[in-house]
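A.B. asks: Sharing a structure, written as structure tokens. Questions coming.
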């Protein structure tokens, strides 16, 4: 049997041009489509309802990841064998992995998140770095959070760097976008969720909170900007402003590391107190 040949060999093909435009936010918003690159992200997208619309793959990648290509076809996605030049033109990475998916937006209405009565939520307020946003989403997923909320002052959820940094977690839990921080805090509090703002200058210590046994209930952590943290007006909305203690000589923790510490602290406290984890446990 003759080896397969790419059907898309020109970066000027209309299909390629349409996909490449999705690297820009205004086109993503207009089409409500975004790019997911690499085998892990494409696999997760293929398994998430009808999210995956198209898949571009080099011949080599289609052979190496034949199971993923098969899942994409089963999910109803159009699969295009493309030259390496075409994949490089669509991709936003320096070293493409040969698979680029075009996906429908997957964000959830904030009202649906509230209706589900979440017990652990990450709120990204004023987070501007897409890599940090995606990594916090991944941390929230790993810690068993039921939802993530990106406020209207935060980075675009579908920025290619954010999608890559989430490593597929974008498809694992509900994410609301564009929610004003005051609305996010008020809605969650009305749903019975305690609001904790994570800030290096916080008056409350995370270890002390754990020792007091106050973290076993429904909790939303509010995380701020990478460089300057949370503004005073946002800290004032919280029930407590909590700092992660620094026991060594490090000047501080980066956003994603601090978020992981806080989210896992809440997850452990909730399990220790017998809190129901209905979304993450059977």
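Residue numbers (the working numbering): 4 to 285.
Cβ coordinates follow ideal geometry from the N, Cα and C atoms, glycine included.
Since the model is a prediction, treat every value here as computed from it, not as a measurement.
(1) If we cut at 9 angstroms on Cβ distances, does residue 259 have a partner in chain C?
(2) Return the chain-ordered list of same chain residues with a C-beta closer than 6 angstroms to the C-beta of residue 282, the five sequence neighbours on each side being excluded.
(3) Three or more C-beta pairs under 8 angstroms: does that hold for the stretch 127–135 against the stretch 73–85?
(4) Go ahead and label residue 35 buried or exposed: buried means 16 or more other beta carbons lie within 10 angstroms of its beta carbon, across all protein chains shown.
(5) State the start and end residues of the unbroken alpha helix (DSSP H) segment that holds residue 272.
(6) How big is the Cα-Cα spacing for residue 164 and residue 239?
(7) Between which residues of its own chain and residue 44 is the CB-CB distance below 6 angstroms, once the five residues before and five after are set aside?
(8) What ranges does the alpha helix (DSSP H) occupy inside the stretch 177–248, keeping only unbroken runs of at least 4 residues that lie completely in it?
(9) If we call anything under 9 angstroms between Cβ atoms a contact, is residue 108 one with residue 174?
(10) Have a look at the DSSP bridge pairing and note the partners of residue 73.
(11) So, using beta-carbon positions, are residue 84 and residue 61 closer together than 9 angstroms?
(12) Between which two residues does the alpha helix (DSSP H) carrying residue 40 extend?
(13) In whole angstroms, what is the alpha-carbon distance linking residue 274 and residue 215?
(14) Since residue 57 sits in a beta bridge, which residues does DSSP pair it with?
(15) Return the chain-ordered list of same chain residues with a C-beta closer than 7 angstroms to the C-beta of residue 155, the five sequence neighbours on each side being excluded.
(16) Figure out for me which residue from 59, 153, 115 has the closest Cα to the Cα of residue 88.
C.D. replies: Reading from the atomic positions:
(1) In the structure shown, chain C does not exist; there is a single protein chain.
(2) Since pLDDT at residue 282 reaches only 39, below the 50 mark, its modelled position is unreliable, and the value read off the structure follows with that caveat. Contacts found: 149.
(3) By the criterion of at least three beta-carbon pairs nearer than 8 angstroms, the stretch 127–135 is not in contact with the stretch 73–85.
(4) It counts as exposed.
(5) Annotation: the continuous alpha helix (DSSP H) that includes residue 272 extends over 258–275.
(6) The straight-line gap from Cα to Cα measures roughly 31 angstroms.
(7) 171.
(8) Here the runs fully enclosed are 184–193, 209–215, 235–238.
(9) One thing to note: residue 108 has its Cβ no nearer than 9 angstroms to the Cβ of residue 174.
(10) Beta-bridge pairing links residue 73 to no other residue.
(11) Pairing residue 84 with residue 61 gives a Cβ-Cβ distance under 9 angstroms.
(12) Run containing residue 40: none in the alpha helix (DSSP H); it sits in the beta strand (DSSP E), 36–40.
(13) Looking at the two C-alpha atoms, the distance is approximately 15 angstroms.
(14) Its beta-bridge partners are 81, 105.
(15) Cβ neighbours of residue 155 within its own chain (closer than 7 angstroms, five residues either side excluded): 181, 182, 183.
(16) Among 59, 153, 115, the Cα nearest to that of residue 88 is on 59.
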